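Chemist: Numbering (the numbering used here), first residue to last: 6 to 403.
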């Protein structure tokens, strides 16, 4: 088998981050790679051990190495700045990094994992980019074949694009995961060739162990004789770095409550928490609903099991992109409800997949009615989209 290394394995506090890793595993193993992942967390951080244990439950053949730096987005600003500074010092240090060179040398192909990392408009963003992309510089010096798996961009400064261009020029192939990011980044870097693709989580394969665990946990909660809608909330800024303003949270809550009033008599409604930072806001919205036996909350951070939950929904209303993608990967239609500051990835991927989305909560009821009346048509569009994208990405790998 061909040997490949992937920078980076993400933490499992956010099911969406893990879903990208699971999609990478499914796709790259299908292509015949023996995989090593390097964590985004150092060996001393709990996130490293937790993610490693989780992935090895489903994929015992993976090699998972501790990361180079200690980054944690949940740290306060001072700790984050110190971590970034430490990362930059590591990058510019003249000390020969034998461990990193050995890891890269042992593999034929070097992958930079998918996500939303091709962005930067602040000093901390620039430091983050330099540190995270440092292994790519080493790989280029070692004359390795380097691939950037599907990434998105967001609001980025001239300096940010200059840093990105410097690093992206080192890749042999760069996949961009939706059309808005693709056209934006192509315009800024016309001398680099990019390949339009989609998010890796669309390619996650079914796992029998996850289906068994789902039945053990949720068979009584999600009765297949009933109709179901899942709602996934979010009230954080891009990258989950901070909280949105209280006024924005109230706007979200009011729109969701209006949506629930419209559909609670025809569907059983489940709030799904798949990211720990969403739990408090979800509980707040749930507390504003008068007692009802048709509304509950599911807290589940295992993306494989979350997929099984969404598989059994008629449709979902998602404020988290990877809630939408996990649902779409099992052919469950989605309505996206997003905030502009979350970047191009949300509307871009929803448009690519032919799904309904909005930044205006007043449109949710209208979109819900439309989706319910044309569900079969949306399911067909999802299947067609995933089939086309899978063939496209495999063709560009070969």
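No residue lacks a Cβ here, since even glycine has one placed at the ideal position from N, Cα and C. These numbers were taken from a predicted model, which means no experiment stands behind them.
Along the chain, which unbroken stretches of the alpha helix (DSSP H) at least 4 residues long are found entirely within the stretch 15-53?
Modeler: Listed in chain order, the complete alpha helix (DSSP H) runs (minimum 4 residues) inside the stretch 15-53 are 20-35.
Chemist: With a cut-off of 8 Å, do at least 3 Cβ pairs link the stretch 154-164 to the stretch 347-356?
Modeler: Flag = yes, the stretch 154-164 and the stretch 347-356 touch.
Chemist: Between the stretch 379-398 and the stretch 270-286, can you find at least three pairs of beta-carbon atoms closer than 8 Å?
Modeler: Because the criterion of three Cβ pairs below 8 Å is not met, the stretch 270-286 and the stretch 379-398 do not touch.
Chemist: Please state whether DSSP places residue 278 in a helix, a strand or coil.
Modeler: Note: residue 278 maps to strand in three-state DSSP.
Chemist: With respect to the alpha helix (DSSP H) encompassing residue 178, which residues constitute its N-terminal and C-terminal limits?
Modeler: Unbroken run through residue 178 is the beta strand (DSSP E), 178-181; no alpha helix (DSSP H).
Chemist: To the nearest angstrom, how far is it from the Cα of residue 319 to the Cα of residue 213?
Modeler: Near 22 Å, if we compare the C-alpha coordinates of residue 213 and residue 319.
Chemist: Would you call the stretch 199-212 and the stretch 124-144 touching, i.e. three or more CB-CB distances under 8 Å?
Modeler: With a cut-off of 8 Å, the stretch 124-144 and the stretch 199-212 do not count as touching, because too few Cβ pairs lie within range.
Chemist: What does the Cβ neighbour count give for residue 230, buried or exposed, with the cut at 16 atoms within 10 Å?
Modeler: Exposed, because fewer than 16 other Cβ atoms sit within 10 Å of the Cβ of residue 230.
Chemist: Distance, Cα to Cα, residue 292 vs residue 302?
Modeler: So the alpha carbons of these two residues sit roughly 11 Å apart.
Chemist: I want to see whether chain D comes within less than 9 Å of residue 396, judged by CB atoms only; does it?
Modeler: Here there is only one protein chain, and chain D is not present.
Chemist: Take residue 150 as the anchor and find which of 59, 374, 393 and 9 has the nearest alpha-carbon.
Modeler: Considering only alpha carbons, the answer is 9.
Chemist: What's the C-alpha gap between residue 258 and residue 290?
Modeler: Rounded to the nearest angstrom, the two C-alpha atoms are 6 Å apart.
Chemist: In the DSSP assignment, find the unbroken beta strand (DSSP E) run with residue 155 in it and report its ends.
Modeler: Taken as a continuous stretch (DSSP letters only), the beta strand (DSSP E) holding residue 155 covers 150-158.
Chemist: What three-state label does DSSP hand residue 7 in the structure shown?
Modeler: Residue 7: strand per DSSP, three-state reduction.
Chemist: From which residue to which residue does the alpha helix (DSSP H) around residue 240 run?
Modeler: Note, residue 240: premise wrong, no alpha helix (DSSP H); not H, not E.
Chemist: Per DSSP, what are the beta-bridge partners of residue 362 in this structure?
Modeler: Beta-bridge pairing links residue 362 to 341.
Chemist: Pull up the distance between the alpha-carbon of residue 48 and that of residue 369, whole angstroms please.
Modeler: One C-alpha to the other measures close to 44 Å.
Chemist: Quick one: what's got a C-beta closer than 8 Å to residue 99's C-beta in the same chain, skipping five residues either side?
Modeler: With a pLDDT of 48 at residue 99, under the threshold of 50, the modelled position of that residue is not reliable, and the figure given next carries that caveat. The answer is none, since no qualifying residue turns up.
Chemist: Would a C-beta distance cut-off of 9 Å place residue 317 and residue 233 closer than the cut-off?
Modeler: Contact flag set, yes.
Chemist: With a cut-off of 8 Å on the beta carbons, I'd call residue 27 and residue 33 a contact; round off their distance for me.
Modeler: Not a contact, Cβ separation roughly 11 Å.
Chemist: Provide the residue span of the alpha helix (DSSP H) that contains residue 357, from first to last.
Modeler: Where residue 357 is concerned, the enclosing alpha helix (DSSP H) stretches over 350-357.
Chemist: How many angstroms separate the CA atom of residue 276 from the CA atom of residue 237?
Modeler: Their backbone Cα atoms lie some 6 Å apart in a straight line.
Chemist: Determine the DSSP secondary structure at residue 314, reduced to helix, strand or coil.
Modeler: Correct three-state label for residue 314: helix.
Chemist: Which value, in whole angstroms, describes the spacing of the CA atoms of residue 64 and residue 174?
Modeler: Cα to Cα, residue 64 sits roughly 33 Å from residue 174.
Chemist: Just to confirm the assignment: which complete alpha helix (DSSP H) runs, minimum length 4, are found wholly within the stretch 209-272?
Modeler: Fully enclosed alpha helix (DSSP H) runs of 4 or longer: 213-223 and 251-268.
Chemist: Strictly by DSSP, which residues pair up with residue 167?
Modeler: Answer by DSSP bridge pairing: none, since residue 167 is not bridged.
Chemist: Can you tell me whether residue 381 is helix, strand or coil according to DSSP?
Modeler: If DSSP states are grouped into helix, strand and coil, residue 381 belongs with the helices.
Chemist: Taking the straight line between their C-alpha atoms, what separation do you get for residue 337 and residue 269?
Modeler: Taking the straight line from one Cα to the other gives about 19 Å.
Chemist: Judging by CA-CA distance, which residue of 134, 152, 178 and 181 is the nearest neighbour of residue 167?
Modeler: The option with the nearest alpha carbon to residue 167 is 134.
Chemist: By the DSSP assignment, the beta strand (DSSP E) with residue 70 in it spans what residues?
Modeler: Residues 68-70.
Chemist: Comparing C-alpha positions only, which one of 6, 21 and 12 sits nearest to residue 244?
Modeler: For residue 244, the nearest C-alpha among the options comes from 21.
Chemist: Between residue 3 and residue 209, which are expected to be in contact by the criterion C-beta below 8 Å, what is the C-beta distance as a whole number of angstroms?
Modeler: Here the chain comprises residues numbered 6 to 403, so residue 3 is not present and cannot be evaluated.
Chemist: Ends of the beta strand (DSSP E) at residue 302?
Modeler: Residue 302 -> beta strand (DSSP E) spans 300-304.
Chemist: Just to confirm, is the Cβ distance from residue 256 to residue 278 under 9 Å?
Modeler: For residue 256 and residue 278, no; Cβs fall outside 9 Å.
Chemist: Between residue 215 and residue 325, is the Cβ-Cβ spacing less than 9 Å?
Modeler: Against a cut-off of 9 Å, the Cβ pair of residue 325 and residue 215 comes out as no contact.
Chemist: Across which residues does DSSP place residue 201 in a beta bridge pair?
Modeler: Its beta-bridge partners are 181.
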